[in-house]
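Counted from 1, the sequence shown has number 45 at position 43 by the working numbering; the numbering is strictly sequential. A virtual CB, placed ideally from N, CA and C, is assigned to each residue, including glycine. To keep things clear, I will list the structure first and then write my remarks on it.
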Amino acid sequence: MIEYGTVKRIKKNNTARVIITRHEMCGDCKACELGTSKKTMSVDAKNDINAKVGDKVALEMEFANFMKASGVAYGFPLIGFLLGIFIGYAIAPMFHLNEVYSGFFGGLILMFCAYGIIHLMDRRGRFGKDKYEPVITNVIDPNNNLLLNKYAKSETSEDEQ
3 MIEYGTVKRI
13 KKNNTARVII
23 TRHEMCGDCK
33 ACELGTSKKT
43 MSVDAKNDIN
53 AKVGDKVALE
63 MEFANFMKAS
73 GVAYGFPLIG
83 FLLGIFIGYA
93 IAPMFHLNEV
103 YSGFFGGLIL
113 MFCAYGIIHL
123 MDRRGRFGKD
133 KYEPVITNVI
143 DPNNNLLLNK
153 YAKSETSEDE
163 Q
């Protein structure tokens, strides 16, 4: 998976903060920015080619690793939610509770528990950060690249606003 962005800051440990413009394929779900209306998002990427602040760059992440990360981020909480629904629905009669509410709240509880476990595992480095971190692969001149003309125009119009 390749994305294009602009280096905004050079950080320690050979990484750079890159601002990426969301493209049409992202649609309007805004999940990556938690519902904000911004058209850009920032990401930390390995900077092995020593890109400088202001450089237009190409970022890559292996598709298999992207899918694994998506599976962890969305699959585990979904499984937790569904499991919580079934458990809540099953134990509701034992405690004389409404099955629908019990299942729903059981699903929410296990879903948030799954997010908490993912967060703790991530902080402890269980997912191997290097595998899922994007890498700056190329510095690009948008004026000489026909494929990026649309990208360059959209970024300059956002900077003017």
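Should N52 go down as buried or exposed, given a rule of 16 or more other Cβ atoms within 10 Å for buried?
-> Flag for N52 reads exposed.
V74 to P95, Cα distance in whole Å?
-> So the two alpha carbons sit approximately 33 Å from each other.
What is the DSSP secondary structure of A53, counted as helix, strand or coil?
-> Three-state result, A53: coil.
Boundaries (first-last residue) of the beta strand (DSSP E) holding G127 | That residue, G127, is in no beta strand (DSSP E); it is neither H nor E in DSSP.
Is there contact between the segment 41-48 and the segment 5-20, where contact requires at least three CB pairs shorter than 8 Å?
-> The answer is yes - the segment 5-20 touches the segment 41-48, with three or more Cβ pairs under 8 Å.
DSSP bridge partner residues for V102 (one or two, in chain order) | As DSSP reads the structure, V102 sits in no beta bridge.
With a threshold of 16 other CB atoms inside 10 Å of the CB of E5, please say whether the residue is buried or exposed.
-> With 16 or more other Cβ atoms from the protein chains shown falling within 10 Å of its own Cβ, E5 counts as buried.
Could you check which residue in K70, D57 and I81 has the C-alpha nearest to that of G109?
-> Measuring C-alpha to C-alpha distances from G109 to each of K70, D57 and I81 identifies I81 as the nearest.
Who are the Cβ neighbours of E62 in its own chain at under 6 Å, not counting the five residues just before and after it?
-> Taken in chain order, the residues that qualify are I4, V137 and T139.
In terms of DSSP beta bridges, what is N140 paired with?
-> BP columns for N140 point to A60.
Backbone secondary structure at K70 - three-state DSSP = Note: K70 maps to helix in three-state DSSP.
Assuming G77 and T8 form a contact by the criterion Cβ under 8 Å, report the distance between their Cβ atoms to the nearest whole angstrom.
-> At roughly 32 Å, the Cβ-Cβ gap does not stay under 8 Å, so G77 and T8 are not in contact.
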